[in-house]
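Participant: Input: one structure, supplied below.
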Ligand SMILES: [Zn+2]
Ligand SMILES: [Zn+2]
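Residue numbers (our numbering): 4 to 356.
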């Protein structure tokens with residue numbers, strides 16, 4: 004008997020239901036866990052995603068795409084396969100995909116985290132026989148601190164830059180991370196500006212009902228703006244670009260799970276690093292896997308081998324699942340290609356690798 008889901012040349016495929024989950028090539032039918040570019044490939048004939056994912060996905064794969072939204076928790080059938088989407092706690096609209104056929108249940112996690120995040124619905128454990136888990140930070144060294152402490156650190160950094168007359172430029176991936184960081188920022192400290200790529204997603208988040216502090220598009224700020232009081236949110240691709248020059252003397256920071264590793268900040272020549280991740284840390288991965296009660300765990304994305312080894316040593320049937328995204332380039336795997344500094348660019352399809 005072949006497995007309910009199997010990897011083929013296009014990605015993770017359900018032959019019984021004739022659909023893919025997060026395919027890495029254009030396919031006829033894709034169920035998408037979330038809108039990050041390593042999960043939501045452009046050019047599919049039909050997409051299905053969670054209701055809160057819909058607008059973000061549309062902004063990524065093109066406004067004329069065929070996208071069918073489904074609320075979290077609602078069951079439906081595709082070719083006799085029972086499917087439901089459950090919150091993954093990763094970014095707005097992120098979903099785990101539950102697939103059931105002939106009494107066999109698989110859950111594909113997509114990316115997930117267990118930490119509280121006011122910008123998305125919290126992770127929901129779902130019982131299954133086989134759990135396909137991500138492992139972006141699947142090493143025991145990855146342990147995240149309390150989000151409230153990181154928020155306090157970011158606010159203190161901004162205030163101290165104000166006192167020394169420097170603009171605060173905070174790099175964060177434009178989809179998900181920037182909004183989570185923004186939600187943790189104290190808007191009473193000063194004005195908050197966004198790069199166009201960030202502002203575009205801020206707007207979609209607000210339209211979907213997520214409360215965020217007020218921000219202004221940096222590109223339309225008056226020439227006389229006193230940037231030394233401002234916090235500017237920008238995608239990492241803006242680092243080292245001429246776009247930064249308008250702000251005068253700056254202090255730079257990067258919010259990412261990779262900041263947990265010594266040297267990452269220095270290599271990127273960033274003044275300050277804040278450990279903020281939208282992926283599960285090592286204890287989070289183990290907790291989430293335990294909660295599924297799964298007999299079989301398939302590990303994909305990132306550090307697969309160490310997590311597989313640990314699970315096998317602890318009496319589980321675990322295997323690495325083939326992935327196209329070995330050693331993810333960056334957290335959230337947003338590409339490092341510069342994003343247009345306009346909140347209203349035409350959708351730009353990503354060029355396949
Ligand atoms: Zn992601
Ligand atoms: Zn990912």
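Backbone N, C-alpha and C define an ideal beta-carbon position, used for all residues, glycine too. Keep in mind it's a predicted model, so treat the numbers as computed, not measured.
Does at least one heavy atom of ligand 1 sit under 6 Å from the Cβ of residue 198?
Facilitator: no
Participant: Measure the Cβ-Cβ separation of residue 138 and residue 304 and say whether it is below 7 Å.
Facilitator: yes
Participant: Alpha carbons only, please: which of 320, 244, 222 and 183 is nearest the one belonging to residue 209?
Facilitator: Among 320, 244, 222 and 183, the Cα nearest to that of residue 209 belongs to 183.
Participant: Measure from the alpha carbon of residue 128 to the alpha carbon of each residue in 286, 99, 104 and 215, then state which is nearest.
Facilitator: 99
Participant: Would you mind sorting residue 332 into buried or exposed? The rule is 16 or more other CB atoms within 10 Å of its CB.
Facilitator: The predicted model places residue 332 with a pLDDT of 43, which falls under 50 and marks its position as unreliable; any figure quoted below should be read in that light. Residue 332 comes out exposed.
Participant: Which residues in the same chain as residue 71 place their Cβ atom closer than 6 Å to its Cβ, once the five residues preceding and following it in sequence are excluded?
Facilitator: 51
Participant: Is the separation between the beta-carbon of residue 96 and that of residue 59 shorter than 7 Å?
Facilitator: yes
Participant: On the CB-based measure, 16 or more other CB atoms within 10 Å of its CB, does residue 41 come out buried or exposed?
Facilitator: Flag for residue 41 reads buried.
Participant: Could you name the residues that DSSP lists as bridge partners for residue 87?
Facilitator: 101
Participant: In the DSSP assignment, find the beta strand (DSSP E) that holds residue 322 and state where it starts and stops.
Facilitator: 320-323
Participant: Beta carbon of residue 44: closer than 6 Å to some heavy atom of ligand 1?
Facilitator: No, ligand 1 has no heavy atom inside 6 Å of this Cβ.
Participant: Report the start-end ranges of each alpha helix (DSSP H) in the segment 11-93 that is 4 residues or longer and not cut off at the edges.
Facilitator: Those alpha helix (DSSP H) runs which fall completely within the segment 11-93 and span 4+ residues are 57-64.
Participant: Is the beta carbon of residue 114 within less than 6 Å of some heavy atom of ligand 1?
Facilitator: yes
Participant: Who are the Cβ neighbours of residue 363 in its own chain at under 7 Å, not counting the five residues just before and after it?
Facilitator: No statement about residue 363 is possible, as the shown extent of the chain runs from 4 to 356 and does not include it.
Participant: Counting C-beta neighbours from all protein chains within 10 Å, is the total for residue 146 16 or more, i.e. buried, or is it exposed?
Facilitator: exposed
Participant: So residue 114 and residue 37 are supposed to be a Cβ contact under 8 Å. How far apart are they, rounded?
Facilitator: That belief holds up - the Cβ atoms of residue 114 and residue 37 are roughly 7 Å apart, short of 8 Å.
Participant: Taking 6 Å as the cut-off, does the CB of residue 39 come closer than this to any heavy atom belonging to ligand 1?
Facilitator: Yes, the beta carbon of residue 39 sits closer than 6 Å to at least one heavy atom of ligand 1.
Participant: Under a three-way DSSP split, which group does residue 6 fall into?
Facilitator: In the structure shown, residue 6 sits in coil (DSSP, three-state: anything other than H, G, I, E or B).
Participant: Can you tell me which of the three DSSP states residue 111 falls into?
Facilitator: strand
Participant: Answer with buried or exposed for residue 281, where buried requires no fewer than 16 other C-beta atoms within 10 angstroms of its C-beta.
Facilitator: buried
Participant: Should residue 90 be labelled buried (16 or more other beta-carbon atoms within 10 Å of its own) or exposed?
Facilitator: Residue 90 counts as buried, since no fewer than 16 other beta carbons sit within 10 angstroms of its beta carbon.
Participant: Residue 300 and residue 134 - do their beta-carbons sit closer together than 7 Å?
Facilitator: With respect to residue 300, residue 134 sits close: the two C-beta atoms are nearer than 7 Å.
Participant: How should residue 79 be labelled, buried or exposed, when 16 other C-beta atoms within 10 angstroms of its C-beta is the threshold for buried?
Facilitator: exposed
Participant: Return helix, strand or coil for residue 184, following the three-state DSSP convention.
Facilitator: helix
Participant: So, using beta-carbon positions, are residue 212 and residue 230 closer together than 7 Å?
Facilitator: no
Participant: Cβ atoms of residue 7 and residue 104: under 7 Å apart, would you say?
Facilitator: yes
Participant: Among the residues of its own chain, which have a CB less than 8 Å from the CB of residue 48, if the five just before and after it don't count?
Facilitator: 29, 30, 31, 32 and 69
Participant: Which residue from 298, 188 and 242 puts its Cα closest to that of residue 198?
Facilitator: Nearest to residue 198 by C-alpha distance, out of 298, 188 and 242, is 242.
Participant: Given that a residue counts as buried once 16 or more other Cβ atoms are within 10 Å of its Cβ, and exposed if not, what is residue 190?
Facilitator: exposed
Participant: Considering only their Cβ atoms, is the gap separating residue 236 from residue 141 smaller than 7 Å?
Facilitator: no
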